[in-house]
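Enquirer:
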Amino acid sequence: AIGLTLDGRAVTARPEETILACARRHGVIIPTLCEMNDIDHAPGTCRVCVVEIDSPGHEPGQLVASCATPVRAGMSVRTRSRRVRDAQRLQVELLLADHNQDCATCVRHGNCELQDVAQHVGVTGNRFFDRARTFGRGIDDTSPAMIRDMTKCIRCQRCVTVCRDGQTVDALVVTGTGQDTAIGLHHGLSQRESSCVACGQCVLVCPTGALGERDETERVLDYLFDPEIVTVVQFAPAVRVGFGEEFGLPPGTNVEGQIIGALRRLGADIVLDTNFAADLVVMEESAELLRRLGGQRRPTFTSCCPAWINFAERHYPDLLPLLSSTKSPQQCLGVIAKTYLPERMGIDPARIRVISIMPCTAKKDERTRPQLSADGVAEIDVVLTTREFARLLRRQGIDLRQQAPSSFDNPYMSAYSGAGAIFGTTGGVMEAAVRTMFHLVNGGELPQIELDQLRGFDGARIATIPVGGAVGTVKVAMCHGLRPTRAICEAVRAGTADFDFIEIMACPGGCVDGGGTLRSKKAYLPYALKRRETLFAIDRATPVRQSHNNPQIQALYRDFLGTPYSEKAHGLLHTYYTD
Ligand code: HC1
Ligand code: SF4
19 AIGLTLDGRA
29 VTARPEETIL
39 ACARRHGVII
49 PTLCEMNDID
59 HAPGTCRVCV
69 VEIDSPGHEP
79 GQLVASCATP
89 VRAGMSVRTR
99 SRRVRDAQRL
109 QVELLLADHN
119 QDCATCVRHG
129 NCELQDVAQH
139 VGVTGNRFFD
149 RARTFGRGID
159 DTSPAMIRDM
169 TKCIRCQRCV
179 TVCRDGQTVD
189 ALVVTGTGQD
199 TAIGLHHGLS
209 QRESSCVACG
219 QCVLVCPTGA
229 LGERDETERV
239 LDYLFDPEIV
249 TVVQFAPAVR
259 VGFGEEFGLP
269 PGTNVEGQII
279 GALRRLGADI
289 VLDTNFAADL
299 VVMEESAELL
309 RRLGGQRRPT
319 FTSCCPAWIN
329 FAERHYPDLL
339 PLLSSTKSPQ
349 QCLGVIAKTY
359 LPERMGIDPA
369 RIRVISIMPC
379 TAKKDERTRP
389 QLSADGVAEI
399 DVVLTTREFA
409 RLLRRQGIDL
419 RQQAPSSFDN
429 PYMSAYSGAG
439 AIFGTTGGVM
449 EAAVRTMFHL
459 VNGGELPQIE
469 LDQLRGFDGA
479 RIATIPVGGA
489 VGTVKVAMCH
499 GLRPTRAICE
509 AVRAGTADFD
519 FIEIMACPGG
529 CVDGGGTLRS
539 KKAYLPYALK
549 RRETLFAIDR
559 ATPVRQSHNN
569 PQIQALYRDF
579 LGTPYSEKAH
589 GLLHTYYTD
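Each residue of the sequence shown is one higher than the last, beginning at 19 in the UniProt record's numbering.
1) State the start and end residues of the unbroken beta strand (DSSP E) segment that holds Lys493.
2) Who are the near neighbours of Val489 in its chain, counting only those whose CB is closer than 8 Å to its CB and skipping five residues on each side?
3) Measuring only from the beta carbon, is Leu543 closer than 8 Å to any heavy atom that is part of the ligand SF4?
4) Residue ranges of each alpha helix (DSSP H) run of no fewer than 4 residues wholly in the segment 279–355, ordered along the chain?
5) Closest to Val192 by C-alpha separation, out of Ile165, Gln185, Arg155 and Gly227, would be which residue?
6) Could you tell me whether the segment 100–119 touches the segment 56–63, using the rule of 3 or more Cβ pairs below 8 Å?
7) Cα separation between Ala509 and Phe329?
8) Considering only heavy atoms of the ligand HC1, does any lie closer than 8 Å to the CB of Pro269?
9) Below 8 Å, is the gap between the Cβ of Pro245 and the nearest heavy atom of the ligand HC1?
10) Quick one: is the Cβ of Gln197 within less than 8 Å of any heavy atom of the ligand HC1?
11) Any heavy atom of the ligand SF4 inside 8 Å of the beta-carbon of Val221?
12) Is Thr292 near the ligand HC1, with its Cβ less than 8 Å from a heavy atom?
13) Please report the straight-line C-alpha distance between Tyr542 and Ser584, rounded to a whole angstrom.
14) Have a look at the DSSP bridge pairing and note the partners of Leu24.
15) Around the C-beta of Gln197, are 16 or more other C-beta atoms found within 10 angstroms, so that it is buried, or is it exposed?
16) With 16 other CB atoms within 10 Å as the buried threshold, where does Asn144 fall?
17) Just to confirm, does Ala189 get its C-beta within under 8 Å of one of the non-hydrogen atoms of the ligand SF4?
18) When DSSP labels each residue in this structure, what does Leu51 get in the three-state scheme?
19) Measure how close the beta-carbons of Pro347 and Val299 come, nearest whole angstrom, since I'm counting them as under 8 Å.
20) How would you label Arg409, buried or exposed, when you count the other beta carbons within 10 angstroms and need 16 or more for buried?
21) According to DSSP, simplified to helix, strand and coil, what is Ser213?
22) Can you tell me which of the three DSSP states Val68 falls into?
23) Apart from the five residues on each side of it in sequence, which residues of its chain come closer than 6 Å, Cβ to Cβ, to Arg176?
In structure tokens form, the structure reads like this:
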């Protein structure tokens, strides 16, 4: 260990540790802005973390960025001196000097790291800010999923790192110089034209409102308050376990009942569960997979994650024939809610608007795909991220902690199995599909329902599942995050991957930590495991564990679709992809 002095106190540091890391371990808080430990990002660009040091090789009392300066034996570090405080304050004032300060209208209002740091260092005025001055930085609102407002960018480059190193998409690049420095898309493209897949990971790490989802809460209110419109609202498997913390509940709390109650209070006419549609997807996808086994098209990739679909279309178009043609649960619910549901309930389908609440930015993008509309009528009318849903509840004065729980009551499209519930975590789609595949091959049920061999958390996992019957074993792989996904795509392309079925989730962790989930300041994906545990607990507590045993799914096939992969099912529930 290395000995040094920190604010007059003798402490020890680990070799190669930075001053910032050492201070944190000893409970000394140094303000930071660009740095994010969870993604190994410390570019030293914001220089808010300056401290004063006396150390061999440095001027006495030199100011250094603590995130980028390693400790040395005998070093003396001052984090609170007047000079340090003045320097930190000046840095933040300079950051604010060209920062669009329309904070009241910002997507990050009340949850902004720049505001926190300004408070922390004691900025009380706006010495350098000139509202009239404009810079060569603008707003890109070309993506249906997200808005990039570079007038709020502090050039921390966290987004560049997560997109390039975390996701391997590498869509983002530093552009301009001096005051015009910003983050843009490679080759000067717009967000929509670029190689971006709308996964939203950059939004999760952005410290300010420079990156945010396209806010569509206003349109939802329009629908809710229009007496001619019948609003159908669905929420995703992962939303119920990733929402309570916004209202002060412990991370991972299951707030399904409170969400249903809150939606009714908002005026939603029909509340449905995306879990139901996840069960429907299992039926179609398992039938599709069993048809493909032994054929030329191998492996089959899952198709429920829209950022993965974008990734395949933009980065691996040669693999598109391998993707399952089954639409995602979000879209399957939409199409069934505009055909079967109105038929059963005696509603004019033209009056229905389907609203989705998703932990995902790419679901907003998915909704706009032309092949997911029929005769100009989109299957899904609007998608809110979990963050927007929180905003919507606050706008209507609803506090989830005070909200009495309610339960689903729709007799056609709200029941779900444990298999549908676990879709929201990596490996869940695979586990759900295997439960039903086993049944399709053998007639009976898989003796051991929970498949531990599918439940790890490594970025890429493989397993061999004995399905029995004519099929024998099925070789499967599961990837979450686009770095391991790229690796497996390369192996499939090279012909070195020996798999039948591959589950892909573009976000690390799967939907429980999707790009549309609540933002955690200074942390990347801190709650994935807690949320995942709750999904597994929901599965255990749900009486029906297999999609094919969901009575509402059975009724849907009996009364409307016929059999899985029937002509009718194919027409409504399957799609295609384009490069
Ligand atoms: Fe997901 Fe899915 S699991 S993609 O992660 O297949 O978003 O939760 O809704 O559609 O069901 C997200 C979650 C979600 C779909 C389902
Ligand atoms: Fe990169 Fe995903 Fe952000 Fe697009 S949404 S820029 S792919 S991190």
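We treat Cβ as the ideally placed atom computed from N, Cα and C, and that holds for glycine.
Expert: In terms of the structure at hand:
1) As a position in the sequence shown, residue 493 is number 475, starting the count at 1. Where Lys493 is concerned, the enclosing beta strand (DSSP E) stretches over Gly490 to His498.
2) In the sequence shown, the residue the question calls residue 489 occupies position 471. Only Leu308, Leu311, Met455 and Val459 meet the Cβ criterion.
3) Here residue 543 is taken as the residue at index 525 of the sequence shown, counted from 1. No, the Cβ of Leu543 stays beyond 8 Å of every heavy atom of the ligand SF4.
4) 292–310, 324–333 and 347–355
5) Your numbering for residue 192 matches position 174 in the sequence shown. Of the candidates Ile165, Gln185, Arg155 and Gly227, the one whose C-alpha sits nearest the C-alpha of Val192 is Arg155.
6) no
7) As a working mapping, residue 509 is identified with position 491 in the sequence shown. As a working mapping, residue 329 is identified with position 311 in the sequence shown. So the alpha carbons of these two residues sit roughly 16 Å apart.
8) In the sequence shown, residue 269 corresponds to position 251, counting from 1. Checking the Cβ of Pro269 against the ligand HC1 gives no.
9) Position 227 of the sequence shown, counted from the first residue, corresponds to residue 245. Not so, every heavy atom of the ligand HC1 lies at least 8 Å from the Cβ.
10) In the sequence shown, the residue the question calls residue 197 occupies position 179. Answer for Gln197: no, Cβ out of range of the ligand HC1.
11) Locating residue 221 in the sequence shown gives position 203, counting from the first residue. Answer for Val221: yes, Cβ within range of the ligand SF4.
12) Counting from 1 along the sequence shown, the entry for residue 292 is found at position 274. Yes, the ligand HC1 has a heavy atom inside 8 Å of this Cβ.
13) As a working mapping, residue 542 is identified with position 524 in the sequence shown. As a working mapping, residue 584 is identified with position 566 in the sequence shown. In a straight line, the C-alpha of Tyr542 is about 43 Å away from that of Ser584.
14) Position 6 of the sequence shown, counted from the first residue, corresponds to residue 24. Per DSSP, Arg27 and Val95.
15) For the purposes of this step, residue 197 is taken as the residue at position 179 of the sequence shown. Answer is exposed; the Cβ neighbour count stays below 16.
16) By one-based count along the sequence shown, residue 144 stands at place 126. With fewer than 16 other Cβ atoms within 10 Å, it is exposed.
17) Taking the first residue of the sequence shown as 1, we reach residue 189 at position 171. True, at least one ligand heavy atom lies under 8 Å from that Cβ.
18) As a position in the sequence shown, residue 51 is number 33, starting the count at 1. Correct three-state label for Leu51: coil.
19) Position 329 of the sequence shown, counted from the start, is the residue given in the question as residue 347. Position 281 of the sequence shown, counted from the start, is the residue given in the question as residue 299. Correct: roughly 5 Å between the Cβ atoms.
20) Taking the first residue of the sequence shown as 1, we reach residue 409 at position 391. Result: buried.
21) Reading the sequence shown from its first residue, position 195 is the one you call residue 213. Correct three-state label for Ser213: coil.
22) Counting from 1 along the sequence shown, the entry for residue 68 is found at position 50. Val68 falls in the strand class under three-state DSSP.
23) Residue numbering aside, residue 176 sits at position 158 when the sequence shown is read from its first letter. Correct list, in chain order: Met54, His59 and Val223.
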